[in-house]
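In the working numbering, the protein residues as written are 470 to 837.
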């Protein structure tokens, strides 16, 4: 989360500098938006300092979650996440992983098996999403989150915002970058630039002011993993290589943990919760909470009263989870980060001894 806040701060500065250089065409504030798979945030320049803006809930990050209710409301951020237990099939999350993806892609087919909402095939073969009987492109869902970021900035500034700089993963191809720009346009924003996330991270750490060196950015976030090799020369970053796994992140760690909870509950109570949407959503939320708690403690309790009803009445989940057990469960996922690191170094033609600095970003840098 801190990395996202730092990236947003640096983006707002980049955007402001961009507007100064092109002042004849650009007027007003330029905001920096870190559009994340799990959370998003927005920043604006105040004098020479960048400020990450608090949203209506008083926090600086907003869940990248969009929900559609029966009465026609569209909810974005924390309000959408709060009602997910009762409306899981119409609450969309981690949709950034679908941008530029075809419905038949292996990764999309894997997601179909684990998410509670419906992923459908568009006429052009792309992966789209369905909620309350309507279909949406991933760009449209991204636009709803960007609109929330725009509104957050406007509420703080007291004026309309039209221009933005937005992050994208370094591995995004041209169509995915254009889809991100399209999302901005739908949200009423002129996207001045899309900045590679590893470059934004390196800038956020102030490395452009240091001596020439080779930098590795290891980014294990909510929905994706990527590792990038950057070369810094005279304050300018060049991405020499990038590699990763677009379906490896916090969402996948959550899925492994939910499967463990399902298995333990079935072993204890003899009941399979996997076909109960409300129970599954409670498990997802409990798993995410436990995962976060284990970043700062060695053990946590998962208590879910009245998770379901059995032949003898209500059933409850009471389970203790240690950090050691969690690390054992996700061990195979961690191992999947090794080969992309090797490939990135191979593609950049650098040896481990030639890397001058390593930046760890993304929520999972806190593990271990």
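Ideal placement from N, C-alpha and C gives every residue a C-beta, glycine not left out. Being a predicted model, the structure only gives us computed values, none of them experimental.
Quick check on residue 485: does DSSP put it in helix, strand or coil? Below a pLDDT of 50, predicted positions are generally treated as unreliable, and residue 485, at 48, falls in that range; the measurement from the model is reported next regardless. If DSSP states are grouped into helix, strand and coil, residue 485 belongs with the helices.
CA-to-CA distance, residue 597 to residue 623, given in whole angstroms: The straight-line gap from Cα to Cα measures roughly 30 Å.
Can you tell me where the alpha helix (DSSP H) holding residue 877 begins and where it ends? Since the first residue shown for the chain is 470 and the last is 837, residue 877 is missing from the structure and cannot be characterised.
Stretch pair the region 798-812 + the region 766-773: three plus CB contacts closer than 8 Å: Verdict: no, contact absent.
Taking three-plus beta-carbon pairs below 8 Å as touching, is the region 727-739 in contact with the region 700-714? Two segments are said to touch when three or more pairs of C-beta atoms, one from each, lie closer than 8 Å; by this definition the region 727-739 does not touch the region 700-714.
Around the C-beta of residue 775, are 16 or more other C-beta atoms found within 10 angstroms, so that it is buried, or is it exposed? Its Cβ having fewer than 16 others within 10 Å, residue 775 is exposed.
Helix, strand or coil for residue 703? Go by DSSP, reduced to three states. Correct three-state label for residue 703: coil.
How far does the alpha helix (DSSP H) with residue 795 in it extend, from its first residue to its last? Boundaries of the alpha helix (DSSP H) harbouring residue 795: 792-798, taken from the DSSP string.
Throw me the rounded Cβ distance for the residue 528 and residue 561 pair, which I believe falls under 8 Å. About 21 Å separates the Cβ atoms of residue 528 and residue 561, ruling out a contact at the 8 Å cut-off.
Identify whether residue 713 lies in helix, strand or coil by the three-state DSSP scheme. When secondary structure is reduced to three states using DSSP, residue 713 falls in the strand class.
Counting along the chain, where does the beta strand (DSSP E) carrying residue 728 start and finish? Careful: residue 728 lies outside any beta strand (DSSP E), inside the alpha helix (DSSP H) at 719-738.
Straight-line Cα distance separating residue 499 from residue 746: Cα-Cα distance, rounded: 42 Å.
Pull up the distance between the alpha-carbon of residue 551 and that of residue 544, whole angstroms please. Those two C-alpha atoms are separated by around 10 Å.
Expected contact under 8 Å - CB spacing of residue 686 and residue 697 to nearest Å: By a beta-carbon distance limit of 8 Å, residue 686 contacts residue 697. Their separation comes to about 5 Å.
Going by the DSSP bridge assignment, what does residue 536 pair with across the sheet? In DSSP, residue 536 forms a bridge with 544, 560.
Residue 653 to residue 667, Cα distance in whole Å? Between the alpha carbons of residue 653 and residue 667 lies a distance of about 21 Å.
Residue 604 and residue 589: beta carbons closer than 8 Å? Note that the C-beta distance between residue 604 and residue 589 is below 8 Å.
Alpha carbon of residue 721 to alpha carbon of residue 584, nearest angstrom: Near 11 Å, if we compare the C-alpha coordinates of residue 584 and residue 721.
Give me whichever residues DSSP pairs with residue 688 in a beta bridge. Residue 688 is bridged to 695, 830.
Cα-Cα separation between residue 573 and residue 693, rounded to whole angstroms: One Cα belongs to residue 573, the other to residue 693, and the distance between them is close to 19 Å.
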